[in-house]
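**Student:**
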Amino acid sequence: MSRSLRIIFAGTPDFSAYHLKILLLSGYKIVGILTQPDRPAGRGYKLVKSSVKIIAEQHQIPIFQPQSLKCIKHQNFISNLNPDVIVVVAYGLILPKIILSIPKLGCINIHASLLPRWRGAAPIQRSLCAGDTITGITIIKMNENLDAGSVIYKLICLITDTDTTNSLSKKLAFLGVQGMLETLKNLVKGTVKYKIQNEDQATYAKKLSKKEGQLNWFLPAIQLDRHIRAFNPKPVCYFYINKKLVKVWKANVLLSSKYIKEGTIICVNKCGIQVATSNGILNIVQLQLEGKKIMSAQDVFNSRHKWLSPGCFL
């Protein structure tokens, strides 16, 4: 019976937590949790537990939060749990070859892209930045190389021109749990088929940096809009005006054939703050002034911020 599997679950963010929650609701036996160490966050830099850790504590599952898995002591901890399979979902640490060899049925990874495209830490964000129209979920049997294992299962997901990392993550998490449950059943039955990835088609999805989120008005409006959606909900795109940081949460693109100096505020009205780019106009719909809450363009229009008025340069 697949429900009698001894599973170690490895994951950290909300995306991972959703998969763990479904495994528990489906009656699977989780014998241990691997998740990233608590990290400082917020204004007070207090240590914050991962979403996966919070669920594990609620269900009294043994939790392990190593900085690295290269230590023999850490490897013995995992081995002593005697797992049949390790399920990895956005964990954030590389599993050494010795750990990959511990579970009887191997280690599977639920990855948020159509591998071999977008291997790495930020597949959802990079697919949005690149303007991809489709993405999906790929489940692989892990090997010692990053996201390079043999493919077990794939599901496709369409990307809309309004998707953000937040909305796309939810779509992919829903697909991910479907694939995960099906794969676990097939592993027990011994009916899994493996397909080797084409290395020539591999691309890498590096982690987003805060610096990368600064809007460059010399890029086309469509590219800036993609970045804004990819950086939502974090680290969030931004620009500076009068040395004040302004975060941009939502925007859209307006077509224009007229040349206006890049970074010029063309218009501020209830529909948005329109900024000239190298190609087209970026219409900023939601923004956040430094130290303030997120506000709509209409709020900005009503408050008459002089430093966000037509003719100003960003």
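Heads up, the final residue of the sequence shown is numbered 366 in the working numbering, and it's a clean run with no missing numbers. Beta carbons are placed, not taken as given, at the ideal position from N, Cα and C, and that holds for glycine.
Helix, strand or coil: how does DSSP classify Ser179 here?
**Tutor:** Helix at Ser179.
**Student:** Would you give the residue range spanned by the beta strand (DSSP E) that Met347 belongs to?
**Tutor:** Counting along the chain, the beta strand (DSSP E) containing Met347 begins and ends at Ile346 to Ser348.
**Student:** Exposed or buried, Ser120, counting other C-beta atoms within 10 Å across all chains shown (16 or more means buried)?
**Tutor:** The residue is exposed, with fewer than 16 neighbouring Cβ atoms inside 10 Å.
**Student:** Which same chain residues, not among the five before or five after Ser103, have their C-beta less than 8 Å away from its C-beta?
**Tutor:** Contacts found: Thr64, Pro65, Asp66, Ser68 and Ala69.
**Student:** Give me the residue from Leu233, Lys149, Ile176 and Leu157 with the minimum Cα distance to Glu196.
**Tutor:** It is Lys149 whose Cα lies nearest to the Cα of Glu196.
**Student:** How many Å lie between Ile346 and Ser56 at the Cα?
**Tutor:** The straight-line gap from Cα to Cα measures roughly 47 Å.
**Student:** Closer than 7 Å by C-beta to Gly332: which residues in its own chain qualify, once you throw out the five before and the five after it? Chain order, please.
**Tutor:** Contacts found: Pro272, Ala273, Ile274, Val305, Leu306, Leu307 and Ser308.
**Student:** If Gly265 sits next to Val288, beta carbons under 8 Å apart, how far is it from one beta carbon to the other, in whole angstroms?
**Tutor:** Right, their Cβ atoms sit about 6 Å apart.
**Student:** Hey, would you say Leu276 sits closer than 8 Å to Thr214, going by beta carbons?
**Tutor:** No. Outside cutoff.
**Student:** Could you check the C-alpha separation between Lys258 and Tyr311 for me, to the nearest Å?
**Tutor:** In a straight line, the C-alpha of Lys258 is about 34 Å away from that of Tyr311.
**Student:** Mind checking which residues open and close the alpha helix (DSSP H) that includes Ala93?
**Tutor:** Here Ala93 belongs to no alpha helix (DSSP H); instead the beta strand (DSSP E) covers Arg91 to Ala93.
**Student:** State the Cα-Cα distance for the pair Leu76 and Gly231, rounded to the nearest angstrom.
**Tutor:** C-alpha separation (whole angstroms): 16 Å.
**Student:** What does DSSP give as the partner residue(s) for Phe116 in the beta ladder?
**Tutor:** DSSP, once it has assigned bridges, lists Leu86 as partnering Phe116.
**Student:** For Tyr6, does the three-state DSSP call read helix, strand or coil?
**Tutor:** Here the chain covers residues 53 to 366 and nothing more, so residue 6 does not appear.
**Student:** Which residue wins for smallest C-alpha separation from Lys245, given the options Lys262, Lys206, Thr216 and Ser219?
**Tutor:** Nearest option by C-alpha distance: Lys206.
**Student:** What's the C-alpha gap between Leu220 and Ile211?
**Tutor:** So the two alpha carbons sit approximately 7 Å from each other.
**Student:** Once the 5 residues before and after Gly172 are set aside, which same chain residues still bring their CB inside 7 Å of it?
**Tutor:** Only Leu198, Asp199, Tyr256, Ala257 and Lys258 meet the Cβ criterion.
**Student:** Any chance you could list the beta strand (DSSP E) runs of at least 3 consecutive residues sitting entirely within the stretch 238-297, in chain order?
**Tutor:** Complete beta strand (DSSP E) runs here, min 3: 289-293.
**Student:** Is Trp359 helix, strand or coil when you go by DSSP?
**Tutor:** The answer is helix: DSSP assigns Trp359 an H, G or I state.
**Student:** So, is Tyr143 buried or exposed, given that buried needs 16 or more other C-beta atoms within 10 angstroms?
**Tutor:** Buried is the call here.
**Student:** Buried or exposed for His71, please, with buried defined as at least 16 other CB atoms from any protein chain shown within 10 angstroms of its CB.
**Tutor:** So His71 counts as buried.
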